[in-house]
Amino acid sequence: MAAVSTSEQRLIAGRYRVRGLIGQGAMGVVWSAYDEHLRRPVAVKEVRRQPGVTDAEAAELRERTLREARAIAVLAHPNVVTLHDVVSDGDEPFVVMEYVQAPSLAQLLRLNGACTDVQAAVIGSAVAAGLLAAHAAGITHRDVKPGNVLVGTDGTVKLTDFGIARNVSERTLTRSGVMLGSPAYISPEVVSGGRVTPAADLWGLGATLFAAVDGRAPYDPDAPVLETLHRVVDGEVPVPEHDGPLRAVITGLMVKDPEARMSLQEVRELLHPLLPAPGRSVFADLKTSAEDAATVVTRPAPAPEPAPEPPGETSAPLALAPGPLPFAPAVRTRGAVAAAVLTLVAALLFAGGAAGGFALARVVGGEPVLPRATTTTVPVPDSPVTELVVRSADASTLAGEQGGAFSVPVPEDWVKFVEQRTPETLPNSTRVHWVAPTGTAELVVERFPEYTAKHTIEDYLSYLASRVPAYRPVGETPLDDGGLRLTYRTVESFPNAPGGPAPDLTRVTFADVQPRGADLWVVSLTVPIEQEDSARSGLFADVVAGFQVGSA
1 MAAVSTSEQR
11 LIAGRYRVRG
21 LIGQGAMGVV
31 WSAYDEHLRR
41 PVAVKEVRRQ
51 PGVTDAEAAE
61 LRERTLREAR
71 AIAVLAHPNV
81 VTLHDVVSDG
91 DEPFVVMEYV
101 QAPSLAQLLR
111 LNGACTDVQA
121 AVIGSAVAAG
131 LLAAHAAGIT
141 HRDVKPGNVL
151 VGTDGTVKLT
161 DFGIARNVSE
171 RTLTRSGVML
181 GSPAYISPEV
191 VSGGRVTPAA
201 DLWGLGATLF
211 AAVDGRAPYD
221 PDAPVLETLH
231 RVVDGEVPVP
241 EHDGPLRAVI
251 TGLMVKDPEA
261 RMSLQEVREL
271 LHPLLPAPGR
281 SVFADLKTSA
291 EDAATVVTRP
301 APAPEPAPEP
311 PGETSAPLAL
321 APGPLPFAPA
331 VRTRGAVAAA
341 VLTLVAALLF
351 AGGAAGGFAL
361 ARVVGGEPVL
371 PRATTTTVPV
381 PDSPVTELVV
391 RSADASTLAG
401 EQGGAFSVPV
411 PEDWVKFVEQ
421 RTPETLPNST
431 RVHWVAPTGT
441 AELVVERFPE
451 YTAKHTIEDY
461 LSYLASRVPA
471 YRPVGETPLD
481 DGGLRLTYRT
491 VESFPNAPGG
501 PAPDLTRVTF
511 ADVQPRGADL
521 WVVSLTVPIE
531 QEDSARSGLF
541 ADVVAGFQVG
551 SA
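The sequence shown begins at 1 in UniProt numbering and counts up by one.
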């Protein structure tokens, strides 16, 4: 945790003295602080105002944040991280939460491997108890996963990330659409845009226990997002390899029909005989690492071909983007031509290969998750680009690296979302995406903090070659600033599409790879192969000419 100098120890709302930085991302900052009234440590989340938000929108979001945070504060349970207070300071909202010094279950799995049956039973019973209290209060979590379960060596288990900050980012980044959690743990009804009920948390609990007993997620976090979403909705439900007493609980929870899932009370009854004697901690000997608190921690499910183990999901004791507020009505699409918007923020990470980006793009553009099967190839005409506007954004990371502000010209009607990645061979990065309403084109600004001291542009190119599907470089041009202008083509295949294999999709990407001080910035535009010439000389040229690092 980064220390704060005496001059920087601000007092928030006349009560909470900031002591240090826990982490930050594009949506906000989490501070450790001291409550000078009650004399206890707390965690304070500062919700950032996103670039481009008007004063009127900011005021509306601020009031909504305060109102809904106070509503969720009624939830008090020993297995849920407590929301203590919501305050305004300088017209900005701050969320004060219980300070928990404990690693996530995801981190423990990464460091120690699968849990024992007793350990998994303790975790499952505690999370079920916390969810029972939440559901009784009318609250649905919607993002139950190992990264949101904190496990202390003393046996404390707490469910976190019911939170507030994502509510603000949701209104900032989207006008309508759906909010998805981590694909490896998300329920089928959420993926398919159905009505979200507390039963979605039952699937998440089952998937979390699956990871606990098998040491890996039920779905491969390293697979393209498109494939994962298809498997969740249309594939067979996975069964844990570990044939222990928790298998019946897991299979009872991971049922596609929400109404047929095992109840939380039944979960607790089945797990009760496995629980240790009172006062005995079964986690005392586990390895923990504060340095790894924000790293990926779940191991991927087996794939047909071996692949490097990915981080899977980012987790931290205090996440920057808590789960979506449960009180708002489910968001529904507004017709076949309306864009369904998918937002990825902070700890909601769609980790996976570069192919996943256009799976998201199809969802953002209102297209089916999988392309429609066809036997003919129809050329894609050059898409008209609306007027370019300069957008300001922030590519900060969860680890708290500074210097992430930038601005870039973007087509006015393209939709923004944010993704944080944890590559195995490169530093963690933040990607800010803008996607065309059609879902056929995507502009990405990616920042790798503290990159140049240990890595080169060649390392980045090697990473592309190993991770991008059917990667084929077609041109490289050195830039005056020591960077590289790169052109490459990709091919995405969909052998498991409903109704039989779908046609391959071929696209071209133009990218400027730019070292800037200690960081590496990559500005890229991906379009259908039919638009290669016009995009290179038109939109891409305008984008890189107007790209600037630093605050406007």
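Glycine residues also receive a C-beta, built at the ideal position from the N, C-alpha and C atoms.
Every value quoted in this text rests on a predicted model; they were computed, and no experiment measured them.
Residues that residue i bridges to, as DSSP identifies them
i	result
E442	V435, T526
R485	T477, D512
K45	V30, V95
L505	E492
V410	V389
S125	Partner(s): none; S125 has no beta bridge.
K158	L150
V80	L159
T430	Q420, R447
L11	R17
S104	L150
L520	F448, P515
D459	According to DSSP, D459 bridges with nothing at all.
R40	D35
R472	R489
V549	F406
S263	DSSP lists no partner for S263.
D85	V96
D394	A405
Rounded C-alpha distance that separates residue i from residue j
i	j	result
A106	E63	34 Å
L464	Y34	45 Å
L486	E259	51 Å
T288	G483	39 Å
R142	E476	44 Å
V523	L264	47 Å
T208	V267	13 Å
V444	D285	43 Å
S120	R391	For the record, residue 120 in the displayed sequence is Ala; it is not Ser. Distance between the alpha carbons of A120 and R391 is about 46 Å.
P276	T425	40 Å
A13	A59	18 Å
V389	V42	41 Å
R10	V18	6 Å
H455	G235	40 Å
R15	E36	5 Å
L75	M97	12 Å
A470	R39	58 Å
T228	I186	10 Å
L21	V44	10 Å
K145	S32	24 Å
D519	R467	21 Å
L274	G124	11 Å
A56	L270	51 Å
F417	T506	23 Å
T440	G538	16 Å
Nonlocal neighbours in the same chain, by C-beta distance under 6 Å from residue i, ignoring five residues either side
i	result
T430	A395, T397, Q420, R447
P188	V232, V233, K256
G215	L109, G113, A114, R299
W521	R447, Q514
T54	none
M262	G252, L253
P218	A207, F210, P238
V29	E46
N148	T160, D161
P326	Because P326 carries a pLDDT of 30, less than 50, the predicted location of this residue cannot be relied on, and the following value inherits that uncertainty. Counting only Cβ-Cβ distances below 6 Å, and skipping sequence neighbours, we find I139, T140.
V491	A470, D504, T506
G152	A102
Residues near residue i in its chain [Cβ-Cβ closer than 8 Å; skip 5 each side]
i	result
G335	Any reading at G335 needs caution, since the residue's pLDDT is 32, under 50, leaving its predicted position unreliable; the model's value is listed next. None.
E532	V508
V213	A114, C115, D117, A120, P240, H242, G244, L246, R247, I250
Q548	F406, S407, V408
G404	A26, D394, A395, S396, T397, T430, R447, P449
D542	L388, P409
Close beta carbons around residue i, own chain, < 7 Å, minus the five adjacent residues each side
i	result
N79	A126, V127, A129, G130, V157, K158, L159
D154	S281
residue 555	Look at the range of the chain in this structure, 1 to 552, and you will see that residue 555 is not part of it.
P478	L484
V100	V81, L150, K158, P317
Any non-hydrogen atom of the ligand SAM closer than 7 Å to residue i Cβ
i	result
P41	The ligand SAM is absent from the structure shown, which contains no ligand whatsoever.
(request) Would you check if there are 3 or more beta carbon pairs closer than 8 Å linking the stretch 411-423 to the stretch 511-522? (result) no
(request) For the stretch 84-97 and the stretch 134-149, state whether three or more C-beta atom pairs, one from each stretch, are separated by less than 8 Å. (result) no
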